[in-house]
Amino acid sequence: MSGSTFQFLHAADLHLDSPLRGLARRGEIADAFVEASRRALENLVAAAIAEQVAFVVIAGDLYDGDWKDYATGQAFVRQMGRLARAGIRVFVLRGNHDAESVITKSLPLPTNVHPFSVRTVESVRIDELGVVLHGRGFASRSVTDNVARQYPAAVPGWFNIGVLHTSLTGRDGHDVYAPCQLEDLQRPGYDYWALGHVHAREVVATEPFIVFPGNLQGRHARETGAKGATLVRVVDGRVAGLEALTLDAARFDHVALDLTGIAAPAAFERLAREAIASARAAADGRPLALRLTLTGESALHAHFSTQSAQLGEELQALAWEVGDVLIEKVRVATRGPCRAPAMAAITGFDDIVAAVAADPAFRADIARVLGELRARTPDEALHLLGLGALDSDAADAVEAAADAVLAAVDGAGAMEPGA
């Protein structure tokens, strides 16, 4: 058994048909982001076939939540059918977004797809490879127990893979699910842990290999950069290499544009064009949604602050010249020439904002308020108030509030004697 040589794909957090966030009513190019999760799944399947992998592991959150209709499930089943015809097995784990209690609809799965039990840790053997996979999915969305302690000891002489959807000891921006310590994953003696839940790629450890592949497709402006899955090569029964495969179908990016000393609109436009072009090149031909944050001390600050809607349209016009780039949001964090004295009174402001944004109780309260506003306020009224479609989340709300505070401080500084 220990002499087996093969490779497999480890993916997680596909969030198939995740709702569009940050690009509501943005026209044809926004459609590429609506379809991005399905296209990324297609890319995952194509990579599995091209790499001739022995099997694919999906470590939770295949779906973003309950299906709006059966089209979501059919999209997944169709792609699994492609893998079935290629002789590739798939092992799927339920996470917090697609827990058994969350998904109310179902479809027959192709025979090559094995969903792990949500009642107990299940061990599945692939005899011809000498591989055994151990996994347990979520029966309900809220799993706060240390599930890792339930996993059995490794099967001697076999290549053991643990599959788990977990926040480990906690990761920024991710709620706590199935928390555990590194020691809990080292205890069973497995060769590889295929984790899910954290959307940033991370090799947590190499003895044994404990890996978050990150999500397959970015879902909003804070999930920037290349996304995909991890290709794992096993030689003589040991992990011989990991390769991060880029499989996303659309890309989000966030660029900070320092306008210190920029006073002429023409100079600002030139700088913005260069930044947009650079971000588009980094997306390698994928549709790009770009968030721009304007920083620095600039004589244009007053114009930016009072003409924010026009500024967004101006930057979008510049983006069309560069290519098919959507300006997802423009954040004005510049300051006027007279702002420094007023800002001295709130030293450490950024640290305070970061601490507030990281508070789980605060995030929950903000999410509740945003949900109520979405439910009760017509879209037209939201736009008149400058709130868009309120498809933002707690982090966006904190960011907007911080901008409002800075603008108020800036205004106070401008009224100081001698300013």
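Just add 400 to wherever you are in the sequence shown, counting from 1, and you've got this note's numbering. Glycine included, each C-beta is placed from N, C-alpha and C at the ideal position.
Residue i, DSSP secondary structure in three states
i	result
ILE727	strand
PHE516	coil
GLN407	strand
ASN546	coil
LEU509	coil
ALA650	coil
SER705	helix
PHE491	strand
VAL457	strand
SER501	coil
LEU645	strand
ILE526	strand
ASP469	coil
SER678	helix
VAL521	coil
ALA664	coil
GLN479	helix
ALA432	helix
GLY712	helix
ARG670	helix
ALA447	helix
GLN474	helix
SER437	helix
ALA484	helix
ASP765	helix
ALA553	coil
Pairwise C-alpha distance: residue j and residue i
i	j	result
GLN474	ASP466	13 Å
GLU428	VAL725	11 Å
ALA689	PHE704	21 Å
PHE652	ARG638	36 Å
LEU414	ASN615	6 Å
ALA442	VAL477	Checking the displayed sequence, the identity of residue 442 turns out to be Glu instead of Ala. So the alpha carbons of these two residues sit roughly 11 Å apart.
ARG549	VAL518	15 Å
ASN496	PRO515	15 Å
HIS534	ALA681	41 Å
HIS701	GLY628	39 Å
HIS783	SER698	The predicted position of HIS783 is uncertain, since its pLDDT is 44 and thus under 50; a value taken from the coordinates is nonetheless stated next. Taking the straight line from one Cα to the other gives about 28 Å.
ALA683	ASN512	34 Å
PRO508	ALA733	51 Å
ARG601	ALA626	10 Å
ALA578	VAL563	12 Å
ARG633	VAL453	9 Å
SER708	LEU657	16 Å
LEU416	LEU694	33 Å
GLN581	LEU568	6 Å
VAL456	GLU674	40 Å
ALA430	LEU642	33 Å
HIS410	PHE668	44 Å
VAL655	ILE727	11 Å
VAL502	ARG541	7 Å
GLY460	ALA450	23 Å
VAL603	ILE676	31 Å
Counterpart residues of residue i in DSSP-defined beta bridges
i	result
VAL655	LEU692
GLU721	Answer is none; GLU721 lacks a bridge partner.
LEU416	TYR463
PHE559	VAL531
GLU697	ARG735
ARG638	VAL635
Neighbour-count burial assignment, residue i, 16 or more Cβ in a 10 Å radius
i	result
ASN546	exposed
TRP720	exposed
GLU623	buried
LYS505	exposed
GLY487	exposed
LEU585	buried
SER418	buried
ARG735	buried
LEU692	buried
VAL445	buried
GLU713	exposed
PRO608	buried
THR520	exposed
ARG525	exposed
SER437	buried
LYS821	Here the chain covers residues 401 to 819 and nothing more, so residue 821 does not appear.
ALA594	buried
GLY557	exposed
TYR590	buried
PRO613	buried
Which whole runs of the beta strand (DSSP E) in the stretch 562-633 are 3 residues long or more, in chain order? 592-596, 602-606 and 609-612
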